[in-house]
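Please read the structure below before turning to the comments.
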Amino acid sequence: MISRTALGLLASLFLSSAAHAQLFRAYLAINGNDANPCTLPQPCRLLPAALNAVASGGEIWLLDSANYNTATVNITKSVTILAVPGAVGSVVATAGSAISIATAGVKVALRNLVLVPLPGGGGTSGVVMTAGNRLALEGCLLAGLPNGITVSGDMRLRVSDTTVRGGSYGIIVSDGAEATVDRSTISDMAQYGVYVTASAASTTAAASIEGTTVERTYAGFFAHASADSAAAKISAKDSHITNNYFGAAAQSSSGSSAVVNLLGNIITRNSNGVATYFAGTRAWLSGNLVTDNNSIGLYNSGALIESAGNNAVRNNGINTSGTITLAPPI
Numbered sequence: 000m001i002s003r004t005a006l007g008l009l010a011s012l013f014l015s016s017a018a019h020a021q022l023f024r025a026y027l028a029i030n031g032n033d034a035n036p037c038t039l040p041q042p043c044r045l046l047p048a049a050l051n052a053v054a055s056g057g058e059i060w061l062l063d064s065a066n067y068n069t070a071t072v073n074i075t076k077s078v079t080i081l082a083v084p085g086a087v088g089s090v091v092a093t094a095g096s097a098i099s100i101a102t103a104g105v106k107v108a109l110r111n112l113v114l115v116p117l118p119g120g121g122g123t124s125g126v127v128m129t130a131g132n133r134l135a136l137e138g139c140l141l142a143g144l145p146n147g148i149t150v151s152g153d154m155r156l157r158v159s160d161t162t163v164r165g166g167s168y169g170i171i172v173s174d175g176a177e178a179t180v181d182r183s184t185i186s187d188m189a190q191y192g193v194y195v196t197a198s199a200a201s202t203t204a205a206a207s208i209e210g211t212t213v214e215r216t217y218a219g220f221f222a223h224a225s226a227d228s229a230a231a232k233i234s235a236k237d238s239h240i241t242n243n244y245f246g247a248a249a250q251s252s253s254g255s256s257a258v259v260n261l262l263g264n265i266i267t268r269n270s271n272g273v274a275t276y277f278a279g280t281r282a283w284l285s286g287n288l289v290t291d292n293n294s295i296g297l298y299n300s301g302a303l304i305e306s307a308g309n310n311a312v313r314n315n316g317i318n319t320s321g322t323i324t325l326a327p328p329i
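Going by numbering that gives the first Met the number 0, the first residue of the sequence shown is number 0, and it counts up by one from there.
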């Protein structure tokens, strides 16, 4: 673990302003006090105090393994919140979400945090962003929450090196939001691993996924559009999709469109590998291994599945059901 002395030397490079100024870097510790100024020598204890002390665009460092909130943490400014290496900095969902972001234009980064529900409490979500510009989660763990990460509206989400497990929905991207998910694991979800949904007219929701494992969910990746001129899009590359009821699925209605693009993925040991439903829905596949899925490898019900002709679809209960259209890359 990084020593307090080392942190102090590092902090001295950045902190030379007067005591009354807002801090670029605020500190929390297990022995802190919210009456303190949130400096390294005098850290605060809980996140709301640090958020009051830190300047917009600044950082909050969690120095010790501890819980750092007693209620939903409302973030209203651009900030980075990080636990130092070796510390388990936890934020607990006591009721509702652990962290809520609903301020236009803010950019928030969460690094090396652990988000969990309070046992016996009413926690429903890890992070919910309904207004803002960008949200990034790096190296975080979200466990046991009904909803892991939710973004809705015109904003960007990036999730990297993060684990989301044990809930109903892992990542929800809706109605104008765009997400990038890299090198992450999403598992043990009663509903969907990554759920991209466009339920408001003329909105587009999209997710790009790479190097990610999704397992033991109802649907690993699900694109769903249900409003006029709305679009839901998922592109997944080099990912491991296994032990789900549906590996990847798309469904549209009401003049909308839903698209799943799959490149170089391993889709195996699901009940159904890839499924598309209804007009306006499309899947395009290139270089995927679709094998050992118990029921159907590729299932098309009134939609469109396009294959580049280089997918290995083998040893499924039924390899294909419905029309598969050959559509090689241009």
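Note that the Cβ used here is the ideal one computed from N, Cα and C, for glycine as well.
If you reduce the DSSP assignment to three classes, tell me which class residue i lands in.
i           : result
residue 282 : strand
residue 326 : coil
residue 146 : strand
residue 48  : helix
residue 330 : The requested residue 330 is not part of the displayed model; the chain covers only 0 to 329.
residue 41  : coil
residue 36  : coil
residue 273 : strand
residue 84  : coil
residue 105 : coil
residue 176 : coil
residue 156 : strand
residue 24  : strand
With distances taken between CB atoms, is the gap from residue i to residue j smaller than 8 Å?
i           : j           : result
residue 272 : residue 297 : yes
residue 59  : residue 98  : no
residue 246 : residue 210 : no
residue 292 : residue 310 : no
residue 115 : residue 91  : yes
residue 162 : residue 184 : yes
residue 221 : residue 244 : no
residue 231 : residue 197 : yes
residue 133 : residue 159 : no
Go ahead and label residue i buried or exposed: buried means 16 or more other beta carbons lie within 10 angstroms of its beta carbon, across all protein chains shown.
i           : result
residue 201 : exposed
residue 205 : buried
residue 56  : exposed
residue 331 : In this structure the chain extends from 0 to 329, so residue 331 is not present and cannot be described.
residue 329 : exposed
residue 281 : buried
residue 325 : exposed
residue 173 : buried
residue 96  : buried
residue 146 : buried
residue 32  : exposed
residue 30  : exposed
residue 229 : buried
residue 1   : At residue 1 the pLDDT is 49, less than 50, meaning the model places this residue with poor confidence; the figure from the coordinates comes in the next sentence. Flag for residue 1 reads exposed.
residue 300 : exposed
residue 178 : buried
residue 63  : buried
residue 224 : buried
residue 110 : buried
residue 103 : exposed
residue 253 : exposed
Considering only the alpha carbon of each residue, which of the options lies closest to residue i?
i           : options           : result
residue 317 : 96, 274, 20       : 274
residue 54  : 85, 36, 41        : 36
residue 76  : 149, 113, 306, 51 : 51
residue 100 : 154, 285, 38, 207 : 154
residue 307 : 261, 46, 134      : 261
residue 88  : 69, 23, 65        : 65
residue 335 : 45, 169, 33, 117  : The structure shown does not extend to residue 335, since the chain is modelled only from 0 through 329, so no value can be given for it.
residue 285 : 301, 277, 266     : 266
residue 194 : 123, 142, 257     : 257
residue 28  : 72, 83, 117       : 83
residue 189 : 67, 143, 283, 226 : 143
With residue i and residue j assumed to form a contact (beta carbons below 8 Å), what rounded beta-carbon distance in angstroms separates them?
i           : j           : result
residue 120 : residue 152 : Residue 120 to residue 152, Cβ: 27 Å. No contact.
residue 108 : residue 79  : 4 Å
residue 25  : residue 43  : 7 Å
residue 255 : residue 295 : Not quite, the Cβ-Cβ distance comes to about 24 Å (not below 8 Å), so this is no contact.
residue 164 : residue 186 : 5 Å
residue 235 : residue 264 : 6 Å
residue 212 : residue 239 : 4 Å
residue 335 : residue 38  : Residue 335 falls outside the range modelled here, since the chain spans only 0 to 329, and no answer is possible.
Do we get a CB-CB distance below 8 Å when we pair residue i with the residues of chain D?
i           : result
residue 100 : Within the model displayed, chain D is absent; a lone protein chain is all it includes.
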